[in-house]
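J.:
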Amino acid sequence: MAKANKAATDSRFAKPKPLSSHGPARIIAMCNQKGGVGKTTVSTLLGMALALSREDRIIAIDANPDRGTLAERVSKSTRFTVRDVVNRAAAIDGFTDFSTMVSRDVTRLDVLASDSDPMLSEAFDEGDYNVVADMAARYYSIVLTDCGTGIVHSVMRPTLQRANGLVIVSGGSVDEARLASETLTWLEANGYGDLVRNSIVALNTATQATQLVKLDEIEQHFKTRVRHVVRIPYDPALAAGSVIKFKDLRKGTRDAARELAALVVDGLNNPL
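Counting from 78, one number per residue, gives the positions in the sequence shown under this note's numbering.
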């Protein structure tokens with residue numbers, strides 16, 4: 078059985094299933110109420126894997142209200158941020174205009190940065206997110222939202238309401254897994270049970286407190302609550318926290334990112 082499952086997963090690396098229609102953009106929320114577990118790194122890996130395997134457009138939006146670092150994981154080609162999209166929304170007349178506000182990685186992943194001024198980013202609220210999400214949905218098939226750590230921040234409500242899929246990023250320690258599990262519990266208690274059941278946990282095994290002997294137990298726990306668990310291995314190319322070059326990652330890291338991308342698309346095609 079294990080070999081059969083591995084073969085099925087491996088076969089999806091090369092050619093993830095296409096989305097079932099050309100309907101509205103699908104939004105994937107990347108969440109955890111704890112910082113420092115690699116959520117932004119996993120968001121970048123997922124976006125790059127999706128962009129490499131698909132012909133349609135993929136964007137990752139930094140919706141962290143506390144000055145996120147998503148744009149620092151790709152080579153920046155613009156100083157525009159989500160605030161500029163909000164302020165100039167009425168004047169944006171097509172993808173060419175919008176594309177000047179994003180940084181494009183060599184994988185074809187587009188990234189929209191958060192505000193660099195923390196005083197401004199605190200002002201990024203529910204209405205602002207809706208403007209940015211509406212604009213992104215015009216031009217992209219899949220929109221990844223890299224959420225902040227504040228699960229009750231005003232931006233989280235529209236993110237979750239709009240989400241077609243959910244990825245919970247957890248560190249590899251017992252304490253980090255407990256907080257990720259508490260995030261799932263909060264979501265279930267607040268009306269997002271279906272989203273939780275169809276979600277994926279990305280288990281980042283490179284966090285400082287990771288306990289390898291506990292990983293199997295942690296993974297088994299999450300498997301009782303979500304659709305699938307993907308382990309993200311340690312990779313020295315990620316550890317520095319700088320620009321990620323997908324081609325320079327270890328094979329195991331690239332495979333894990335591709336597996337996560339395939340599972341995300343499967344969930345969009347076959348919601349529970």
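No residue lacks a Cβ here, since even glycine has one placed at the ideal position from N, Cα and C.
Give a yes or no on whether the minimum CB-CB distance between N241 and chain B is below 8 Å.
T.: Among the chains of the structure shown, chain B does not appear; only one protein chain is present.
J.: Measure the C-alpha to C-alpha separation of A184 and Q297 and round it to an integer number of angstroms.
T.: The sequence shown places Thr at residue 184, rather than the Ala named in the question. For T184 and Q297, the distance between alpha carbons rounds to 33 Å.
J.: Counting pairs of beta carbons, one from the segment 312-327 and one from the segment 147-167, are three or more of them closer than 8 Å?
T.: They touch, by the three-pair rule.
J.: Could you please give the first and the last residue of the uninterrupted beta strand (DSSP E) stretch that includes H230?
T.: No beta strand (DSSP E) contains H230, which DSSP labels as neither H nor E.
J.: Assess, as a yes-or-no matter, whether the segment 291-310 is touched by the segment 330-346 under the definition of 3 or more beta carbon pairs within less than 8 Å.
T.: Short answer: they touch.
J.: If contacts are defined as beta-carbon pairs under 8 Å, then L127 and A338 qualify, I think. What distance do you get, rounded to the angstrom?
T.: With a Cβ gap of about 5 Å, L127 and A338 count as contacting.
J.: Locate the alpha helix (DSSP H) running through V208, then write down its first and last residues.
T.: V208 -> alpha helix (DSSP H) spans E203 to Y216.
J.: Bridge partners for I321 per DSSP, in chain order?
T.: DSSP, once it has assigned bridges, lists no residue as partnering I321.
J.: Identify which residue in I169, V209 and A166 has its Cα closest to the Cα of A137.
T.: Among I169, V209 and A166, the Cα nearest to that of A137 is on V209.
J.: Measure the C-alpha to C-alpha separation of S48 and A102 and round it to an integer number of angstroms.
T.: Any question about residue 48 goes unanswered here, given that the chain covers just 78 to 349.
J.: Count the other CB atoms within 10 Å of the CB of S154; is the residue buried (16 or more) or exposed (fewer)?
T.: Counting Cβ neighbours within 10 Å, S154 comes out exposed, since fewer than 16 surround it.
J.: Which runs of the beta strand (DSSP E) fall wholly inside the segment 254-333 and span at least 3 residues, in chain order?
T.: Within the segment 254-333, the complete beta strand (DSSP E) runs of at least 3 residues are 277-281 and 305-309.
J.: DSSP puts G248 in a beta bridge; with which residues?
T.: G248 pairs with N281.
J.: From which residue to which residue does the beta strand (DSSP E) around R160 run?
T.: Run containing R160: none in the beta strand (DSSP E); it sits in the alpha helix (DSSP H), V159 to R165.
J.: Which residues in the same chain have their Cβ closer than 6 Å to the Cβ of F172, if we skip the five residues on either side of it in sequence?
T.: If we look at F172 and ignore the five residues flanking it on each side, its Cβ neighbours are Y216.
J.: Alpha carbon to alpha carbon, how far is N275 from Q238?
T.: Roughly 15 Å separates the two Cα atoms.
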